[in-house]
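The numbering used here puts the first residue of the sequence shown at 6, with every later residue one more than the last.
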Amino acid sequence: MDRTTEEQRGYEAELGVALAAAEEAGRMLRARFGDTWRIGVKGADGDVVTELDLAAERIVLGRLREAFPEDRVWSEEAGLLAGAAERTWLVDPLDGSNNVAIGLPTYAVGIGLCVAGAPVLG
6 MDRTTEEQRG
16 YEAELGVALA
26 AAEEAGRMLR
36 ARFGDTWRIG
46 VKGADGDVVT
56 ELDLAAERIV
66 LGRLREAFPE
76 DRVWSEEAGL
86 LAGAAERTWL
96 VDPLDGSNNV
106 AIGLPTYAVG
116 IGLCVAGAPV
126 LG
């Protein structure tokens, strides 16, 4: 099945890396969901951040930086990681941290790519 949309054509390599990163992070999240892990808060709003957020972020950032080292990355936990390209990856390694913190298995790994400020995949 072809998962690409018309807007994503020309970005097949990027889509493949993003899907592989999200799937790997998702497998880790499912495997560790019932484990005990630390929960903290961040920012003035007291947003929840867990060990799982950070572990998923390491997976996603590792894959993106390996495949596209020149691209910028803006990740929820790490912030902006500079790059020289006009391309910016947007990463939410665990969208649904509050759900996970209370034991509700409803969450996602979010990865998108913007080129010259416009979204092209995600």
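Using N, Cα and C, we set each Cβ at its ideal position, and we do this for glycine too.
Everything numeric in this text was worked out from a predicted model, so none of it was measured.
Inter-residue Cα distance where the pair is residue i and residue j
i              : j                : result
valine 22      : asparagine 103   : 27 Å
methionine 33  : valine 65        : 11 Å
methionine 6   : glycine 31       : In this prediction, methionine 6 has a pLDDT of 49, which is less than 50 and means its spatial position is unreliable; what the coordinates show is noted afterwards. Going by the C-alpha atoms only, they are around 21 Å apart.
isoleucine 134 : aspartate 40     : Since the displayed the chain opens at 6 and closes at 127, residue 134 lies outside it and no answer follows.
alanine 90     : phenylalanine 73 : 10 Å
leucine 20     : leucine 126      : 7 Å
leucine 86     : glutamate 75     : 10 Å
glutamate 71   : valine 105       : 28 Å
alanine 60     : alanine 113      : 14 Å
Distance cut-off 7 Å: residue i Cβ against heavy atoms of the ligand ADP
i          : result
glycine 15 : Inclusion of the ligand ADP in the displayed structure is not the case, the ligand content being empty and no account of it being possible.
Local Cβ density within 10 Å of residue i, reported as buried at 16 or more and exposed below that
i            : result
glutamate 62 : buried
alanine 121  : exposed
proline 124  : exposed
glycine 58   : Reading off the sequence, residue 58 comes out as aspartate, not glycine. Label assigned to aspartate 58: buried.
alanine 27   : buried
leucine 24   : exposed
Coil, strand or helix - residue i by DSSP
i              : result
isoleucine 107 : coil
glycine 88     : coil
glycine 15     : coil
glycine 122    : coil
aspartate 97   : strand
alanine 113    : strand
aspartate 76   : coil
aspartate 52   : strand
methionine 6   : Reliability fails at methionine 6, whose pLDDT of 49 lies under 50, so the model's placement of it is uncertain and no value is given.
alanine 83     : coil
aspartate 21   : Note on identity: in this sequence residue 21 is glycine, with aspartate being the wrong assignment. Looking at glycine 21 - three-state DSSP - the assignment turns out to be helix.
Decide yes or no for the touch test of the stretch 103-114 against the stretch 85-95: beta carbon pairs closer than 8 Å, at least 3 of them. no
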